[in-house]
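Just remember that this note's numbering sits 43 ahead of the position in the sequence shown, which is counted from 1. Glycine residues also receive a C-beta, built at the ideal position from the N, C-alpha and C atoms. Everything numeric in this text was worked out from a predicted model, so none of it was measured.
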Amino acid sequence: MLLQRIRRRLRGDAGMNTAEYAVGTIAAVAFAGLLLKVLTSSTVQSALTAIIQRALG
44 MLLQRIRRRL
54 RGDAGMNTAE
64 YAVGTIAAVA
74 FAGLLLKVLT
84 SSTVQSALTA
94 IIQRALG
């Protein structure tokens, strides 16, 4: 009995509930959109092209 109460107190919340999943998903989608916007900008594309060309010789 005492051991069960101790286990219950120490267990805690290991996972996310539905609201946390929704917030996490929205944050991931927002970050992906921002990353897509940055990587498709002409400035970043030019910089990446220059880096790749320099690396290939």
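Rounded Cβ spacing between residue i and residue j (contact assumed at less than 8 Å)
i   : j   : result
V81 : V87 : 6 Å
Separation of residue j from residue i, as counted between CA atoms
i   : j   : result
R54 : L45 : 14 Å
R51 : G67 : 27 Å
A90 : G76 : 20 Å
E63 : I95 : 39 Å
A98 : L79 : 23 Å
I49 : T61 : 27 Å
*Whole alpha helix (DSSP H) runs in the region 71–95 with 4 or more residues, listed along the chain?*
Counting only runs of 4 or more, we get nothing.
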